[in-house]
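Following: one structure in structure tokens, then a few remarks.
There are 4 protein chains.
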Amino acid sequence: MTTVILQLICPDRPGLVSEISGWIASNHGNIRHADHHTDGEASVFLSRLEWDLEGFKLPRELIEQEVYKLANRLEGKAHLHFSDHFSRVAIFVGKQSHCLLDLLWRVNNNEMEMEVPLVISNHMDLKKICDSFNVDYKYIPVDEENKSFVEKKILKILLDYKIDLIVLAKYMQILSSEFIQLFPNIINIHHSFLPAFKGAKPYHRAWKRGVKLIGATAHYVTDKLDDGPIIDQTIVHVSHRDEVNDLIRKGRDTERLALARALRFHLRRQVMVYRGKTAVFE
Amino acid sequence: MTTVILQLICPDRPGLVSEISGWIASNHGNIRHADHHTDGEASVFLSRLEWDLEGFKLPRELIEQEVYKLANRLEGKAHLHFSDHFSRVAIFVGKQSHCLLDLLWRVNNNEMEMEVPLVISNHMDLKKICDSFNVDYKYIPVDEENKSFVEKKILKILLDYKIDLIVLAKYMQILSSEFIQLFPNIINIHHSFLPAFKGAKPYHRAWKRGVKLIGATAHYVTDKLDDGPIIDQTIVHVSHRDEVNDLIRKGRDTERLALARALRFHLRRQVMVYRGKTAVFE
Amino acid sequence: MTTVILQLICPDRPGLVSEISGWIASNHGNIRHADHHTDGEASVFLSRLEWDLEGFKLPRELIEQEVYKLANRLEGKAHLHFSDHFSRVAIFVGKQSHCLLDLLWRVNNNEMEMEVPLVISNHMDLKKICDSFNVDYKYIPVDEENKSFVEKKILKILLDYKIDLIVLAKYMQILSSEFIQLFPNIINIHHSFLPAFKGAKPYHRAWKRGVKLIGATAHYVTDKLDDGPIIDQTIVHVSHRDEVNDLIRKGRDTERLALARALRFHLRRQVMVYRGKTAVFE
Amino acid sequence: MTTVILQLICPDRPGLVSEISGWIASNHGNIRHADHHTDGEASVFLSRLEWDLEGFKLPRELIEQEVYKLANRLEGKAHLHFSDHFSRVAIFVGKQSHCLLDLLWRVNNNEMEMEVPLVISNHMDLKKICDSFNVDYKYIPVDEENKSFVEKKILKILLDYKIDLIVLAKYMQILSSEFIQLFPNIINIHHSFLPAFKGAKPYHRAWKRGVKLIGATAHYVTDKLDDGPIIDQTIVHVSHRDEVNDLIRKGRDTERLALARALRFHLRRQVMVYRGKTAVFE
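Residue numbers (this note's numbering), protein chains in the order written: chain A, -10 to 271; chain B, -10 to 271; chain C, -10 to 271; chain D, -10 to 271.
In structure tokens:
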């Protein structure tokens, strides 16, 4: 059954829960989930409400404008989502298959509320997997020279495919600030426990440092490398017996898990970003 | 700052969040936390709201009756708590010190919203610890013969000390159904990952079975042994190298953690019991 | 580089490590890994040694008989393995794809020292996946009436395919004692934290019980249901918000991880079984 | 029963396990544990052997010189330990009690093979705890001006008390390079998941960054801050609901666990340091 999901962020003051839930009740909405968080230091109020579309008095097409009115009254910002609207996601990959295969399998298995019409890569390695899932595969090589040109080409394709969200599933290329500004809805999986081992070759550096746990971090991409709001982190134990290759192998399991969890939270609109951080209403 | 915590359970229907938060707003309450859960199968609605007492229009002594009116209107049950009311807890122990010492240390460290005026034991071993924390220690031996008599004596003492809650911190005695009916507010720590290894000597049985993880379970006590609503569970890895004594040693760390976490949830009124299970609003 | 792996189990006495490693050294073997375990209670000694085949003085084809002589001298039992000998594995499945796909992907990714020439199922659902990995798929329906006949047919096929090991990757059928006696090398993934929730529908029962963690257990199959030696166990947190379907979904991630870890340990001959338990030399 | 523990590090070559275990066997030693590790890249061999003193042909007082001869033959370094020799440990603390109390409790509970005759602090806060455990408490204030003088005084006291090992249990002072050179046997607990958040106020910085897991790291102290060989790391989940104070509170549980685990490994001589990292033979 379709639900309406409202994410609202506004300055904190008494009566907010009542005002928002009152508006829903006055329209006969049956609330399934209601989560709120107050950041006391910043005096910011975050709210996520989910209610049944069926039985809601307002027609679907009028809800958005009423929500914006409500947000205006509260001097905040609202984001509205209907659970039957599946995001159109482009997955960017390099040569490694584990995250891509995992996500496509989850889509097929109805775990993820998204469609994946498009995969983009600077390598040909994963074309076969995409073929078997009937997903279009665009091979777009990139180097430092042609990056700006290539990114424009990619943006054009994203537009053609009506893409809502990019997932960097081990793409191993750094997108330019310009690209991120034009298409800011991007989730990345980084193969370390951020903020440890930002940047290149985190497993090699973790091995050299002799850590006893390695991790993976799924985060929104900002123009500062590996510094965007963290959505999920997972870890796995390692020991002196593990070579770099073992870290890479064990890391694959923890990467795909962190990415799938984070993406699921995002798609269900359980994530709200504020002050460079996330609230995840699990 | 003192907060008011309302736990409410009632049949599910549209408008509940609005009605409850509306009542708080109409009294100018500033909500700090609002958690709700709907058990769709049972059509039960659970709610926990926490708001500042300061600025709330209703005087403290009138809140309870208004809350009961609200609960009546919703055909549900309410429980009210003020955060400055510290529970008076009696800790029941046997010979093992780890859970007791951990809890007393947490109280001293202001981690737990409780007072511990009383420890009861059928052994003398832990008296010294209690002395050093200035906690009364009642040595009450028990055997199968005198159990009924002893339990009456204990109930009398609990009354004298105005105890709200019993914590069985490795007491190793089974309380009678009569006792539990008369004093139903009891949390136990069981040294296994329930429902595995109910009853006696769980570590010995876990070792014999060759499990690769052992656990601890903090739960409310009911008259069915180790079958009450589970509040928290923790686990720790074991291997073939671990003897039974290693399981016991590793278990101590995971026991005290599960117990402290569960007790903290309980004291902050983050736990609600329904259908033999708990909702824990973390 | 090919290594020789020796697993040896014998009665404990002084000098065993020296005797075994001395035999390897006398043949110029360069030991890569040496793990030993003594079960003090049972007075049993377990040893796993791995050394380079290159440079070893004994020709490959003579090692086995020398190893058996050594084991005889120690009144124990030895198992010899060469790392370049890949096990031929038949995966038995039902309708659920997650474990199968995960294993086939790991094989392709060179994570697992095995070949999978054959998948057997009582459903047609997963044929397409097997086709895309070029793995033979035998559709063999089974019911209570024809079970004995079907199992004979399966044993014949296993023989034809020269299968060394069966992996029950959510097969959901119980193999008969006769079958297990004739083909005892079987690993199963059970979707609970054994010994909790043996048998059918563990997630439903876990949900009903209100546990806060769910698990998966990979174990060798014996003729007592869900009672064989445990190789690996994994867990994942759940809360009151999780419906049975969420437990099933979360469970899939922890099932495939436990199965892959256990199978990898088995294939690298890191697992030794004794007294109904395993030693896993990680 | 007393055991002999030999830790040996030497250049890798064939025959080492045999040579070392052969020497033990030739003296009728009954090996309880034998762990080896080869760092292939560095071509370094690490070995830890533990055998019964009873029945060993060499008298206790002659073992050391024979062990050094063996190490010389292998061009390596050996460290010998008898399990009945308890290390004399000085615990350095500041104002926070959790690690100190936990360690003293474990000593009393016979979990740790050490004596703690001495606690040193630049604050008076924890004197009472030490009194109740009959541990000497030296109050030694320190500031930037008098640091060099104070450290000399401390070294003198360590000598008087025959201290083998210093444990920095939330001391919150940085020891000088000179001190560390003169007394290099120091274990520290750092309240972050190193190498993330080295230095001051890691919980504040973790909160600001919005991480989803926080950690603690027990490591040997070197003259480069928070950069010594890591022995153990533990983590705990946090969410947007956790304020800095919650991170500090949750952190205490994970700090004391990492420290106790690491210290136990150290005391049982399960840790070997090489190339700025540790091998921990669990």
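A virtual CB, placed ideally from N, CA and C, is assigned to each residue, including glycine.
Cβ neighbours of residue i in the same chain (closer than 8 Å, five flanking residues each side left out)
i, result
"Val108 of chain A", "Ala79, Ile80, Phe81, Val82, Leu89, Leu115, Cys119, Val124, Asp125, Tyr126, Lys127"
"Val33 of chain B", "Ile(-2), Cys(-1), Pro0, Asp1, Thr27, Tyr263, Arg264"
"Thr(-9) of chain A", "Asp41, Leu42, Glu43, Phe71, Ser72, Asp73"
"His255 of chain B", "Leu154, Ile176, Ile220"
"Ser86 of chain A", "Asp114, Leu115, Ile118"
"Lys66 of chain D", "Leu(-3), Ile(-2), Cys(-1), Ala60"
"Glu64 of chain B", "Cys(-1), Pro0"
Beta-carbon contacts of residue i that lie in its chain and below 7 Å, excluding the five residues immediately before and after
i, result
"Ile143 of chain D", "Ile109, Ile129"
"Ala249 of chain D", "Asp91, Leu92, Arg95"
"Asn16 of chain D", "Phe45, Lys46, Leu47"
"Glu53 of chain B", "Leu69"
"Glu55 of chain D", "Leu47"
"Thr223 of chain C", "Gly204, Ala205, Thr243, Leu246, Ala247"
Beta-carbon proximity of residue i to residue j, cut-off 7 Å
i, j, result
"His193 of chain C", "Val233 of chain C", "yes"
"Arg258 of chain A", "His70 of chain A", "yes"
"Arg77 of chain D", "Glu104 of chain D", "yes"
"Ser36 of chain A", "His25 of chain A", "yes"
"Glu244 of chain C", "Ala185 of chain C", "no"
"Val210 of chain B", "Ile175 of chain B", "yes"
"Leu236 of chain D", "Ile203 of chain D", "yes"
"Gly11 of chain B", "Gly11 of chain A", "yes"
"Phe168 of chain D", "Glu133 of chain D", "no"
"Asp212 of chain C", "Ser166 of chain C", "yes"
"Val131 of chain B", "Asn99 of chain B", "no"
"Ser121 of chain C", "Ser137 of chain A", "no"
"Ala207 of chain C", "Ile178 of chain C", "yes"
"Val6 of chain A", "Ile(-6) of chain B", "no"
"Ala31 of chain D", "Gly4 of chain C", "no"
"Pro106 of chain C", "Tyr150 of chain C", "yes"
Residues sharing a beta bridge with residue i, DSSP
i, result
"Gln(-4) of chain C", "C:Arg37, C:His68"
"Thr211 of chain B", "Answer is none; Thr211 of chain B lacks a bridge partner."
"Tyr126 of chain D", "D:Val108"
"Ser32 of chain C", "In DSSP, Ser32 of chain C forms no bridge with anything."
"Lys266 of chain B", "B:Tyr263"
"Thr27 of chain D", "D:Phe34"
"Leu202 of chain C", "C:His226"
"Val78 of chain D", "D:Leu154"
Below-7 Å beta-carbon distance, residue i vs any chain F residue
i, result
"Ala23 of chain A", "The question asks about chain F, but that chain is absent: this structure's protein chains are A, B, C and D."
Residues near residue i in its chain [Cβ-Cβ closer than 6 Å; skip 5 each side]
i, result
"Thr267 of chain D", "Pro218, Ile220, Val260"
"Phe75 of chain A", "Glu102, Met103, Glu104"
"Pro191 of chain C", "His180, Ser181"
"Lys187 of chain C", "Asp215"
Contact set between the region -2 to 17 of chain C and chain D, restricted to residues whose Cβ is under 9 Å from the partner: Asp1, Arg2, Pro3, Gly4, Leu5, Val6, Ser7, Glu8, Ile9, Ser10, Gly11, Trp12, Ile13, Ala14, Ser15, His17
Within 8 Å of chain C by C-beta, residues of the region 174 to 195 of chain B in sequence order: Phe182, Leu183, Pro184, Ala185, Phe186
Selection of the region 226 to 256 of chain C by Cβ proximity to chain A, strictly under 7 Å: Arg238, Asp242, Leu246
Where the region 98 to 116 of chain B meets chain D: residues whose CB sits under 9 Å from a CB there: Asn98, Glu100
Runs of beta strand (DSSP E) lying entirely within the region 82 to 108 of chain D, each at least 3 residues, in chain order: none
Inside the region 145 to 180 of chain A only - alpha helix (DSSP H) runs reaching at least 4 residues: 166 to 171
Near-chain A residues of the region 25 to 38 of chain B (beta-carbon distance less than 7 Å), N- to C-terminal order: His25, Thr27
Contact list for the region 74 to 94 of chain D against chain B, Cβ threshold 8 Å: Ser86, His87, Leu90, Trp94
Ordered list of beta strand (DSSP E) runs contained in the region 209 to 248 of chain C, each at least 3 residues: 219 to 226
Residues from the region 202 to 226 of chain B in contact with chain C, defined by Cβ distance under 7 Å: Leu202, Pro218, Ile219, Asp221, Gln222, Ile224
Contact residues within the region 137 to 155 of chain C, judged by C-beta distance below 9 Å to chain B: none
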